[in-house]
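Here's the structure we're looking at; comments come further down.
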Amino acid sequence: MKFDERQLVQIAAIVKHGSATEAAKALGVSQPSISRTVAQLEQRLGEPLFVKGRRPLTPTPLGEIVAQHGLSILTASRKVSDAVTSYRQGNAGVVRLGGVPFFLDAIISRTIATYNSRHPDVRVDQSYGNLSELTGQLEADFLDLAITPLGQSTPPEGFEFVPLLRARNVIAARKHHPLVQKSVLSASDVTKYPWVAPLPGSPLLLDLHWILLTLGSNELAIRYSGGSLMSVVNYISETDALAILPHSVVFAMRHENRVAVVPLDVPQPKRVIGILTAAGAPMAPAVKRMAYHIQVEFASLAEAVERHERTIVWG
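In structure tokens, the structure reads:
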């Protein structure tokens, strides 16, 4: 025996409100249509759904069973309605975010955490990649947002770019490294220590080579390469090795008291960190809210990093 789900919902509403009139108001239908539903179902089932003459309307045992199933349908319908509203407001959904590893690990992961603390029903799928990989993933609709440095004033054709932070690199070392404590630095000082090389394909690797040329050195003593941000920090924290890192990354880890800036001014890249998206691609509400949240967080970060930069006496 097959039942019309709308009729089951109407019976549940009558049981809940105790009258056909109130049930009709709650469901946005007419009172006569509610009464017809009751009469049709009672005729079909061959017995009453409500106790005759009882006010408020009281279900019979059979009416109680029908109402329970109608209530399940009504509850599910309202859950769907709430879920759709939450999605449209950006409080639910999936954000696919990719970016360069060090920035994602040191800064963006914290930004995602603060976002999720306020929007717990949003899921963030994070992945790593450099510019060429990220543009391909955006074009293929595998990513919604990419956090990446861009070395030109305009993004590649077919993309949109929102600047967040001027790129600035520093030489990083353990907190009590001899060079951190030294009052007067020269370029030759940093060539006397071993180095950590950035990830292959990373813009930082090109920056390290440029620094090498500027220092007039043929090569640096590379003792470790290819590690994640955590492994690089762990390595330089336990050795006298040096690493080239974004200033914002070192600043974000300042409370850990593990790494510090070697105050030797080095050549700076002409790059800007920002949010890269595919031009014209539809953007879900949660993605829009995440992008705005990142912009707000980075605005505060940029000011803090610049203040910290002004406190350093660069050699």
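Counting in my numbering, the sequence shown runs without a single skipped number right up to 379 at its last residue. Yeah, the Cβ is synthetic: ideal placement off N, Cα and C, and Gly gets one too.
If we ignore side chains and look at the alpha-carbon of each, how far apart do Thr212 and Arg230 end up? 12 Å
Using only alpha-carbon positions, find the residue among Val73, Leu72 and Arg119 that is nearest to Ser83. Ser83 has its Cα closest to that of Arg119, out of Val73, Leu72 and Arg119.
Mind pulling the alpha helix (DSSP H) runs of 4 or more residues that sit fully within the segment 173-236? 173-182 and 195-203
Just to confirm my understanding: we take Ala251, look at its own chain, exclude 5 residues before and 5 after, and list those with CB closer than 8 Å. What are they? Thr278, Leu279, Gly280 and Leu328
Collapsed DSSP secondary structure at Gly163 in the structure displayed: strand
Run through the DSSP bridge pairs and tell me what Leu309 is partnered with. Its beta-bridge partners are Val234.
Could you tell me which residues DSSP puts in a beta bridge with Pro123? Phe114
So the alpha helix (DSSP H) Trp274 belongs to, where does it begin and stop? Pro267 to Thr278
For Ile286, report the span of its beta strand (DSSP E) as first-last. Membership of Ile286 in the beta strand (DSSP E) is indicated by the continuous run Ile286 to Ser289.
Identify whether Ala345 lies in helix, strand or coil by the three-state DSSP scheme. Ala345 falls in the coil class under three-state DSSP.
So, at 8 Å on beta carbons, what are the nonlocal neighbours of Pro380 in its own chain, with the 5 sequence-adjacent residues on each side left out? The requested residue 380 does not occur in the structure, where the chain is confined to residues 65 to 379.
Using the beta-carbon count (16 or more within 10 Å), is Thr218 buried or exposed? exposed
Could you give the C-beta distance for Val148 and Ile235, rounded to a whole number, given that I count them as a contact under 8 Å? No, Val148 and Ile235 are not in contact; Cβ-Cβ is about 52 Å, not under 8 Å.
Considering only C-alpha positions, which residue in the set Ala343, Lys89 and Gln71 is nearest to Val226? Ala343
Note down, in chain order, each residue of its chain lying with its Cβ closer than 8 Å to the Cβ of Ile339, except the 5 sequence neighbours on either side. Leu209, Ala210, Ile211, Phe225, Val226, Leu228, Ala355, Ile358 and Gln359
Could you work out which residue in Lys256, Tyr151, Tyr192 and Ser301 is closest to Leu168 when comparing CA atoms only? Tyr192
Could you give the first and the last residue of the continuous beta strand (DSSP E) run that contains Val323? Val323 to Val326
Quick one: measure Cβ to Cβ for Leu306 and Ala261, integer angstroms, because I've assumed they're closer than 8 Å. For a cut-off of 8 Å, the C-beta gap from Leu306 to Ala261 is around 11 Å, too long to register as a contact.
Kindly give me the distance between the Cβ atoms of Ala348 and Gly157, rounded to whole angstroms, as I take these residues to be in contact under 8 Å. 5 Å
Considering Ala251, what are the terminal residues of the beta strand (DSSP E) in which it resides? Element bounds for Ala251: n/a, residue is neither H nor E.
Name the DSSP bridge partner or partners of Gly154? Answer by DSSP bridge pairing: none, since Gly154 is not bridged.
Collapsed DSSP secondary structure at Gly82 in the structure displayed: coil
What first and last residue would you give for the beta strand (DSSP E) that runs through Ala261? Trp259 to Ala261
Whole-angstrom C-beta distance between Pro264 and Arg287, which should lie under 8 Å: Not a contact, Cβ separation roughly 16 Å.
Using C-beta distances below 7 Å, list every residue in its chain close to Lys239, excluding the 5 sequence neighbours before and after it, in chain order. Asn321, Arg322, Val323 and Ala324
Pull up the CB-CB distance for Arg198 and Leu207, whole angstroms please, since I reckon it's below 8 Å. Correcting the residue identity first, residue 198 is Leu in this sequence and not Arg. Indeed they touch by this definition, with Cβ atoms about 7 Å apart.
Give the secondary structure of Ile376 by DSSP, where H, G and I count as helix, E and B as strand, and everything else as coil. Looking at Ile376 - three-state DSSP - the assignment turns out to be coil, as it is neither helix nor strand.
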